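Data first, discussion second: the structure below is written as structure tokens.
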Amino acid sequence: PPDVEQLGRATWTFLHTTAAYYPENPSPNQRSNMLSLLQSLPVLYPCTHCATHLGDNMKSHPPDVSSRATLSRWLCERHNEVNEKLGKKKFDCGVKSLDERWKDGPAD
Ligand code: FAD
Numbered sequence: 083p084p085d086v087e088q089l090g091r092a093t094w095t096f097l098h099t100t101a102a103y104y105p106e107n108p109s110p111n112q113r114s115n116m117l118s119l120l121q122s123l124p125v126l127y128p129c130t131h132c133a134t135h136l137g138d139n140m141k142s143h144p145p146d147v148s149s150r151a152t153l154s155r156w157l158c159e160r161h162n163e164v165n166e167k168l169g170k171k172k173f174d175c176g177v178k179s180l181d182e183r184w185k186d187g188p189a190d
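If you read the sequence shown in the UniProt record's numbering, its first letter stands for residue 83, the second for the next number, and so on.
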């Protein structure tokens, strides 16, 4: 079985970074591909209990792919629900902290 922690860190890095660089005004094609990417996770993510949990979570919280801001926040909130389940600290889902972590780096 995969290393759930290493897989998780790599996957969150990919997802948050992709959301941080997603367009403010995505085209229909970009929206539909982002939706496919996210909806494939509950089906294909190789940590199966993680995938099941995410799928249940996404039923009550469908992804909002209409903009960079809505997608980044949606993803941050889903990640926070996993953090909460694992007893980890919640992350501030404001655009400033998300961009600092996943796009711009800390200001100097
Ligand atoms: P991670 O949680 O991997 O976070 C990496 C970095 O992201 C952090 O260092 C921080 O800088 C940043 N970060 C933290 N929270 C947020 C946030 N809310 N928004 C933006 N950035 C943030 N593990 C399980 O044991 N059970 C599960 O059910 C489970 N489900 C998962 C579902 C998915 C879709 C994914 C991708 C992973 C899942 N994992 C699960 C793995 C788990 O979330 C962690 O990746 C793993 O425990 C390693 O944690 P970590 O403390 O190194 O940091």
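For glycine and all other residues, C-beta sits at the position ideal for the given N, C-alpha and C.
Quick caveat: nothing in here was measured; it's all calculated off a predicted structure.
Judged by pairs of C-beta atoms under 8 Å, the segment 152-168 touches the segment 101-112, as three or more such pairs exist. Shown here, Phe96 sits in a helix according to DSSP, grouped into three states.
In the displayed model, Leu126 falls within a helix according to three-state DSSP. With contacts defined as CB atoms closer than 7 Å, Pro144 and Ala133 fail to qualify as a contacting pair.
Between Glu106 and Asn139, the C-beta spacing is not below 7 Å. Within 6 Å of the C-beta of Gly169 there is not a single heavy atom belonging to the ligand FAD. Ranked by how close their Cα comes to the Cα of Asp186, the residues Pro83, His98 and Glu87 have His98 in first place.
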